[in-house]
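Please read the structure below before turning to the comments.
In our numbering, the protein residues as written are 1281 to 1833.
Set out below in structure tokens:
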């Protein structure tokens, strides 16, 4: 019973956390929160590079010689999911617990539905919420991609992670979102180009669309920074995302690595020696290197070397161990071709954008004019609601013969000050001579006082038909009162499609009925159907006449 209740509370808590997270999504900023079991490939990267030799070393610690997952895998995975050293909260969030056995043998979230204990740690994959409620990782790319690759190689492990949400920019879109990310140093706007040995600025649209090591550029300096930990870099002192890329950018600007191709272990080991030497000099206060760091990193990003984990003292005795790890990693690189791949298409220069041309918009695609009523061009453009921002519209209206009834095509064109031409827009112009014709079969009627009367029933009883009628309008609502005795006048107006209209008046006597008055059901009768089929007319002078009134006695 206790187990059942515990599981129930876990489900309730998970649902509650999810609901709280979803309801806060529209805020511009958000406090830190945790989301559980997020598919890794649903998370968008905010960097173009991975240190794939670093990932190779991690794989050697995650997969044993039998292709099975190791204790190191589960320890790292649980730590990165927020269960550091196996500590976690019960599913209902009420008990602080620790499981040292499962910590190194199982996924704590999967086996225990454990909840993160924020007093211990939070998930390593840190994200912000962006447009369309999508997650954008600002830290944890290497861990997430390593777990994804481990599962692809072994078929074991997880392709889902817990994540820490630290910001919500879902109210922004496109350029505004990336501008916000850049202002907060929450995405790295460059990628390493092996051809130039420099970091090249890229448009955020060139970033990988999803996680997966094959989506990224292989960055040797990102890997070198991993192996330099404990000699010149203190991982725990790093306080900003993308620290390793900033170090890479600084190191490449020294030009000390321009002769290396990074295609073999020897090249990497030479680079490791040179990088340790350069950062050791920076620790010792080398003025030239300090100035270069200021120009390259501090002036550009507002970041100090201490924020990137630069140690206070160089530890040369750590280098031998670093080289051993590097050699182990390179052996894995040789076994896994995917770790040698580099998605350099990210660096491809996109084709130049086509010049932005003006756009012509119109409110009406068809317009009617009467014979011999030729409009001025500006009046014609105004009548169809034609606009083109930054360009003047020209037409071939002069080709229309307004003395001859026919259907014509008028072409709209526009060219801006830079010579960019808009796509032409065709307008249908109809020259017509007809006017609406309205006929009332029963212009005089008597209706029983107090009897319910609708506009539809009355019009059907009157019997309306005609030619070139688009629609009918009446003043029924204001002029006819079936509860008031006397003669009441109903004005009926017929409109053509272009607005020409004619009107007639029917007289309705409200009182005692001595002769049956025609009635119709609520549906449209033959005359009403006829109105829908009559072709439209052109505008003429308004015509209105009154039928001879004959009161039916």
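For every residue, glycine included, the Cβ atom is placed at its ideal position computed from N, Cα and C.
Report back the beta-carbon spacing between residue 1768 and residue 1761 to the nearest angstrom; my notes put them in contact at under 8 Å. 7 Å
Span of the alpha helix (DSSP H) holding residue 1428? 1421-1434
Where the beta strand (DSSP E) through residue 1493 begins and ends: No beta strand (DSSP E) contains residue 1493, which DSSP labels as neither H nor E.
Using 8 Å for Cβ pairs, my map puts residue 1379 next to residue 1388. What's the rounded Cβ distance? 7 Å
Whole angstroms are fine: how far does the CA of residue 1666 sit from the CA of residue 1641? 6 Å
Could you spell out where the beta strand (DSSP E) holding residue 1693 opens and where it closes? 1686-1696
Going by beta carbon distance, what residues of the same chain come within less than 7 Å of residue 1305, once the five residues before and after it are set aside? For residue 1305, the pLDDT reaches just 35, beneath the cut-off of 50, and the residue's location in the model is therefore unreliable, although a value from the coordinates is still provided. Cβ within range, chain order: 1409, 1413, 1448 and 1450.
Tell me whether residue 1334 sits in a helix, a strand or coil according to DSSP, three-state version. helix
By DSSP, does residue 1747 sit in helix, in strand, or in coil? strand
Quick one: what's got a C-beta closer than 7 Å to residue 1510's C-beta in the same chain, skipping five residues either side? 1595 and 1598
Quick one: what does DSSP say residue 1358 is sitting in, helix, strand or coil? helix
Just the Cα atoms here: how many angstroms apart are residue 1874 and residue 1748? Residue 1874 cannot be examined here, being either before or after the span of the chain that is shown, 1281 to 1833.
Taking a contact to mean a Cβ-Cβ separation below 8 Å, would you say residue 1423 touches residue 1404 in this structure? yes
For residue 1789, count the other beta carbons within 10 Å of its own beta carbon; 16 or more makes it buried, fewer makes it exposed. Which is it? buried
Taking 7 Å as the line, does the beta carbon of residue 1488 fall inside it for any heavy atom of the ligand MN? The ligand content of the structure shown is nil, which means the ligand MN is not present either.
Among 1614, 1515, 1606 and 1710, whose alpha-carbon lies nearest the alpha-carbon of residue 1337? 1606
Between residue 1564 and residue 1373, what straight-line distance do the alpha-carbon atoms span, to the nearest angstrom? 49 Å
With a 10 Å radius around its C-beta and 16 neighbouring C-beta atoms as the bar for buried, classify residue 1732 as buried or exposed. exposed
For residue 1765, which residues from the same chain have a beta carbon less than 8 Å from its beta carbon, with the 5 sequence-adjacent residues on both sides left out? 1729, 1790 and 1791
According to the Cβ coordinates, are residue 1501 and residue 1531 closer than 8 Å? yes
Residue 1650 by DSSP, collapsed to three states: which one? strand
Are there 16 or more other CB atoms within 10 angstroms of the CB of residue 1437, so buried, or fewer, so exposed? buried
So, for residue 1754: in the same chain, excluding its five sequence neighbours on each side, which residues have a beta-carbon less than 8 Å away from its beta-carbon? 1735, 1739, 1770, 1771, 1772 and 1773
Assuming residue 1491 contacts residue 1673 under a Cβ cut-off of 8 Å, what Cβ separation, rounded to an integer in Å, is found between them? In fact, because the Cβ distance is near 49 Å, the residues do not count as touching under 8 Å.
Could you have a look at residue 1396 and say whether DSSP puts it in helix, strand or coil? coil
Restricting to Cα atoms, I'd like to know which of 1494, 1475 and 1702 is closest to residue 1694. 1702
Taking 8 Å as the cut-off, does the stretch 1508-1524 touch the stretch 1338-1350 (at least 3 CB pairs, one atom from each stretch)? no
Determine which residues share a DSSP beta bridge with residue 1367 and list them. 1378
Hey, is the stretch 1552-1568 in contact with the stretch 1469-1483, meaning 3+ C-beta pairs nearer than 8 Å? no
Completely contained alpha helix (DSSP H) runs for the stretch 1703-1753, where each covers 4 or more residues: 1735-1742
To test your reading of the DSSP string, which unbroken alpha helix (DSSP H) runs of 4 or more residues are found completely within the stretch 1590-1677? 1599-1615 and 1657-1664
Among 1514, 1615 and 1727, the one whose alpha carbon lies nearest that of residue 1592: 1514
Within 10 angstroms of its Cβ, does residue 1636 collect 16 or more other Cβ (buried), or is it exposed? exposed
What number of angstroms, rounded off, separates the C-alpha of residue 1687 from the C-alpha of residue 1656? 18 Å
Determine contact between the stretch 1451-1468 and the stretch 1428-1436, defined as no fewer than three beta-carbon pairs at a distance below 8 Å. no
Just grab the DSSP bridge partners of residue 1329 for me. 1497
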